[in-house]
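What follows is one structure encoded as structure tokens, with my remarks underneath.
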Amino acid sequence: MILPGLLLILVYNYGPMLGLVISFQKFIPARGIAHSAWIGLDNFKYVANLPDTKEILWNTIVIALMKMVANLIVPLVMALLLNEVRKAFFKRGVQTLIYLPHFLSWIILGGILIDILSPSEGIVGAMLKSVGIEPIYFLGSNHWFRFVLVTSDVWKEFGFNTIVYLAALTGINPSLYEAAIVDGAGRWKQTWYITLPGIASIIVLLSVLSLGNVLNAGFDQVFNLYSPQVYETGDIIDTFVYRIGLQEAQYGVATAVGLFKSIVSLSFISLSYYLAYRLANYRIF
Amino acid sequence: MVEHLTPGRKAFFAFNYIFLTLVALACVLPLLHVLALSFSSSSAASAGYVKLWPVEFTLSSYKYVAEQKAFLKSIGVTLERVAIGVSVNMLLTILIAYPLSKETGVFRPRTWYAWIFVITILFNGGLIPTYMIVKYTAIMDTIWALVLPAAVPVFNVILMLNFFRNLPKELEEASFMDGAGHWTTLWRIYVPLSLPSLATVTLFATVGHWNAWFDGLIFMNTPDHYPLQSYLQTIIINQDFSAMAQADLDSLTKISDRTVKAAQIFLGSLPILLVYPFLQRFFISGIVLGSVKE
Numbered sequence: 006m007i008l009p010g011l012l013l014i015l016v017y018n019y020g021p022m023l024g025l026v027i028s029f030q031k032f033i034p035a036r037g038i039a040h041s042a043w044i045g046l047d048n049f050k051y052v053a054n055l056p057d058t059k060e061i062l063w064n065t066i067v068i069a070l071m072k073m074v075a076n077l078i079v080p081l082v083m084a085l086l087l088n089e090v091r092k093a094f095f096k097r098g099v100q101t102l103i104y105l106p107h108f109l110s111w112i113i114l115g116g117i118l119i120d121i122l123s124p125s126e127g128i129v130g131a132m133l134k135s136v137g138i139e140p141i142y143f144l145g146s147n148h149w150f151r152f153v154l155v156t157s158d159v160w161k162e163f164g165f166n167t168i169v170y171l172a173a174l175t176g177i178n179p180s181l182y183e184a185a186i187v188d189g190a191g192r193w194k195q196t197w198y199i200t201l202p203g204i205a206s207i208i209v210l211l212s213v214l215s216l217g218n219v220l221n222a223g224f225d226q227v228f229n230l231y232s233p234q235v236y237e238t239g240d241i242i243d244t245f246v247y248r249i250g251l252q253e254a255q256y257g258v259a260t261a262v263g264l265f266k267s268i269v270s271l272s273f274i275s276l277s278y279y280l281a282y283r284l285a286n287y288r289i290f
Numbered sequence: 091m092v093e094h095l096t097p098g099r100k101a102f103f104a105f106n107y108i109f110l111t112l113v114a115l116a117c118v119l120p121l122l123h124v125l126a127l128s129f130s131s132s133s134a135a136s137a138g139y140v141k142l143w144p145v146e147f148t149l150s151s152y153k154y155v156a157e158q159k160a161f162l163k164s165i166g167v168t169l170e171r172v173a174i175g176v177s178v179n180m181l182l183t184i185l186i187a188y189p190l191s192k193e194t195g196v197f198r199p200r201t202w203y204a205w206i207f208v209i210t211i212l213f214n215g216g217l218i219p220t221y222m223i224v225k226y227t228a229i230m231d232t233i234w235a236l237v238l239p240a241a242v243p244v245f246n247v248i249l250m251l252n253f254f255r256n257l258p259k260e261l262e263e264a265s266f267m268d269g270a271g272h273w274t275t276l277w278r279i280y281v282p283l284s285l286p287s288l289a290t291v292t293l294f295a296t297v298g299h300w301n302a303w304f305d306g307l308i309f310m311n312t313p314d315h316y317p318l319q320s321y322l323q324t325i326i327i328n329q330d331f332s333a334m335a336q337a338d339l340d341s342l343t344k345i346s347d348r349t350v351k352a353a354q355i356f357l358g359s360l361p362i363l364l365v366y367p368f369l370q371r372f373f374i375s376g377i378v379l380g381s382v383k384e
């Protein structure tokens, strides 16, 4: 029963892992893996000495960390506020609207952002002008680019992430609140002493699991929003691999960078999985 | 429980409702703005008059888009992709999740198999080796390049197997007692009982295939074979018009580039906007079942 899926996984997921050997080769497609020259760690050394490497690594980590923090806090606050809403239809309506961006691709959202943020034609620029501020070229400015990345990523995903917190909130025993009210606790105290401790394990779990993404700054988003002007603050490992690999055809070098990323990510994921198991008793199965 | 409303509490409620309304609006207003743009005349759009309502209502952008062969072709590719891709995804998800949902006592090497699948989420060969494998297996530039590499959605498998596991054991025992084998039990008992979860997973698979663009860009050599999102990527984001025919280019000069893009953006998201409200209630329960465990 499991066989067809297994075969496909072996070919298309494990096959490429064998292909990783080309990161130790001076790979020439016409010669294939068997006949390309072995050059040891030269590809890795070459990348380590590139002037841009530090910048790219730094960008990746900074953008990923900013997104991680924002994507933990915003949904939590949203879930707490939504939890206070008594009118079911209002709650459902808000939820329906905030989940929506999650289901649209970065092509669609990128197209929208490029249009509304355009300094000459965009509506954001027009609004800034109406309050007397010069339109800002958000997507072309190294100062603003990361800000746009993080904001738009939160905009896309916060609704969806809110689901998990809301589910955790419904799991809290209501008698705890009744007891607290009898003891004279106000709304803030209830939130502080019952709600937050009640979902603490989920918060810990999600923060720990997000650690595995420390080198994932979001290829789809960055690729569709960036331009050479903002490489300085916006170029990340994945976009760099794409450029040197598929556009400049330096296959060996690109694979080496990808391998480096995979290994670092794998160690972070293993660490976070271990921590999730220890702190929140989480297991995949 | 009767709650006494203090002034502070009332103020909080008022603030909360207003704040949440604004946040919810912020999620859809940009989309509405683009929709309004797509229905506006190009002169009104470039003069910046368009906010949330079309100015000088016209369908010319849509007419233009509908006449573009490349656009229509890419929709065809996407529909084919969704049809084949989602069927393959769903079939494999069910076939893998069922055995993996068994205890190790019943299916001994279960944990081994499970790890083989999970490792693919954790570690992958990366861009170039994947590209090469697709090339070696001779599916480049065919619809299979968009279907086969993503044929096994491991995340969905995990959701499904957790759901299968929560079904009462007695059902399975009763069905074996009546002489059914694993295949019959799977299709006659498990699948019909799992329809809500299957709907969730189908939604994920459909949205995934509809939204995918990168594989189309790199595995399809001919722009004619691009699925919709890859086509939109080249036109809207990259502004690389080489995928367009000369005749299409000529007619583009007569009409505003911006309203046409707005129309394409809207059409590109339309199917999702249409199916999404109906499937919403499924995916919430589906995700909660799959992700939050006791």
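Protein chains in written order, with the working numbering: chain A, 6 to 290; chain B, 91 to 384.
Glycine included, each C-beta is placed from N, C-alpha and C at the ideal position.
None of the values given here were measured: they were computed from a predicted structure.
Interface flag, residue i vs chain A, CB-CB below 8 Å
i                 : result
His123 of chain B : yes
Met310 of chain B : no
Leu322 of chain B : yes
Val382 of chain B : Residue confidence for Val382 of chain B is low, a pLDDT of 46 falling below 50, so the modelled location carries little weight; the figure read from the coordinates is stated next. It does; some Cβ of chain A falls within 8 Å.
Arg198 of chain B : no
Val113 of chain B : yes
Asn256 of chain B : no
Ser136 of chain B : yes
Phe207 of chain B : yes
Pro120 of chain B : yes
Pro243 of chain B : no
Lys163 of chain B : no
Chain-ordered chain B contacts of residue i [CB-CB under 7 Å]
i                 : result
Pro140 of chain A : Simply none; closest approach about 11 Å.
Pro9 of chain A   : Leu182, Leu185
Met73 of chain A  : What Met73 of chain A touches in chain B: nothing, since even the nearest Cβ is about 18 Å away.
Pick from the options that is closest to residue i, judged by C-alpha positions
i                 : options                                : result
Asp247 of chain B : B:Tyr203, B:Arg171, B:Glu260, B:Lys159 : The amino acid at residue 247 of chain B is misidentified as Asp; the sequence shows Val. For the residues B:Tyr203, B:Arg171, B:Glu260, B:Lys159, the minimum Cα distance to Val247 of chain B belongs to B:Tyr203.
Tyr366 of chain B : B:Phe294, B:Gly216, B:Asn214, B:Thr312 : B:Phe294
Phe265 of chain A : A:Ser28, A:Lys92, A:Leu280             : A:Ser28
Leu251 of chain B : B:Ala135, B:Lys259, B:Tyr188, B:Leu95  : B:Tyr188
Ala92 of chain A  : B:Ser128, B:Asn106, B:Leu369           : Residue identity differs from the one stated: residue 92 of chain A is Lys in this sequence, not Ala. For the residues B:Ser128, B:Asn106, B:Leu369, the minimum Cα distance to Lys92 of chain A belongs to B:Asn106.
Ile209 of chain B : B:Trp234, B:Gly138, B:Val244, B:Val118 : B:Val244
Leu109 of chain A : B:His272, B:His299, B:Ala289           : B:His299
Glu193 of chain B : B:Ala101, B:Glu262, B:Lys153, B:Asp314 : B:Glu262
Tyr256 of chain A : A:Val16, A:Thr101, A:Leu25             : A:Leu25
Ala42 of chain A  : A:Lys50, A:Tyr282, A:Ile33             : A:Ile33
Minimum Cβ-Cβ distance from residue i to chain B less than 8 Å
i                 : result
Val227 of chain A : no
Arg36 of chain A  : no
Ser272 of chain A : no
Leu214 of chain A : no
Val66 of chain A  : Strictly speaking, residue 66 of chain A in this sequence is Ile, with Val absent from that position. So, not an interface residue.
Listed by chain order, chain A residues near residue i by CB distance under 8 Å
i                 : result
Ile362 of chain B : Phe108, Leu109
Pro367 of chain B : Thr101
Phe109 of chain B : Leu86
Assumed close pair residue i, residue j - CB separation to whole angstroms, cut-off 8 Å
i                 : j                 : result
Ala285 of chain A : Leu174 of chain A : That pair is no contact at about 16 Å.
Gly358 of chain B : Leu318 of chain B : 6 Å
Tyr170 of chain A : Ile207 of chain A : 7 Å
Leu110 of chain B : Leu87 of chain A  : 7 Å
Leu127 of chain B : Ala135 of chain B : 5 Å
Gly195 of chain B : Ser267 of chain A : The Cβ separation is near 35 Å, so there is no contact.
Pro124 of chain A : Leu114 of chain A : At roughly 19 Å, the Cβ-Cβ gap does not stay under 8 Å, so Pro124 of chain A and Leu114 of chain A are not in contact.
Val176 of chain B : Phe309 of chain B : Rounded, the Cβ-Cβ distance is 18 Å, inconsistent with contact.
Ala281 of chain A : Leu214 of chain A : 6 Å
C-alpha distance - residue i paired with residue j, whole-angstrom precision
i                 : j                 : result
Ser292 of chain A : Pro80 of chain A  : As shown, chain A starts at 6 and ends at 290. That puts residue 292 of chain A outside it, with no answer to give.
Leu71 of chain B  : Arg255 of chain B : Lying before the first or after the last residue shown, residue 71 of chain B is absent from chain B, which here runs from 91 to 384.
Ile7 of chain A   : Thr275 of chain B : 16 Å
Leu216 of chain A : Asn229 of chain A : 24 Å
Leu360 of chain B : Glu126 of chain A : 24 Å
Ala190 of chain A : Ser272 of chain A : 45 Å
Leu182 of chain B : Lys351 of chain B : 37 Å
Asp47 of chain A  : Tyr231 of chain A : 30 Å
Val74 of chain A  : Pro140 of chain A : 29 Å
Pro233 of chain A : Arg248 of chain A : 11 Å
Ile355 of chain B : Pro179 of chain A : 45 Å
Leu133 of chain A : Tyr139 of chain B : 15 Å
Tyr154 of chain B : Gly250 of chain A : 37 Å
His272 of chain B : Phe266 of chain B : 8 Å
Ala35 of chain A  : Met222 of chain B : 12 Å
Contacts that residue i makes with chain A (C-beta to C-beta distance below 9 Å)
i                 : result
Met222 of chain B : Gly20, Pro21, Gly24, Ile27, Pro34, Ile38, Tyr256
Chain-ordered neighbours of residue i on chain B, where CB pairs are closer than 9 Å
i                 : result
Leu263 of chain A : The question names Leu, yet the displayed sequence has Gly at residue 263 of chain A. Here the neighbours are Asn214, Gly215, Gly216, Leu217, Ile218, Pro219.
Contact set between residue i and chain A, taken where Cβ atoms lie within less than 7 Å
i                 : result
Trp202 of chain B : Within chain A, no residue comes near Trp202 of chain B; the closest Cβ sits about 11 Å away, beyond 7 Å.
Thr210 of chain B : Ile14, Asn18
Test: residue i CB closer than 8 Å to a CB of chain D
i                 : result
Ala352 of chain B : Absent from the structure is chain D; the protein chains it does hold are A and B.
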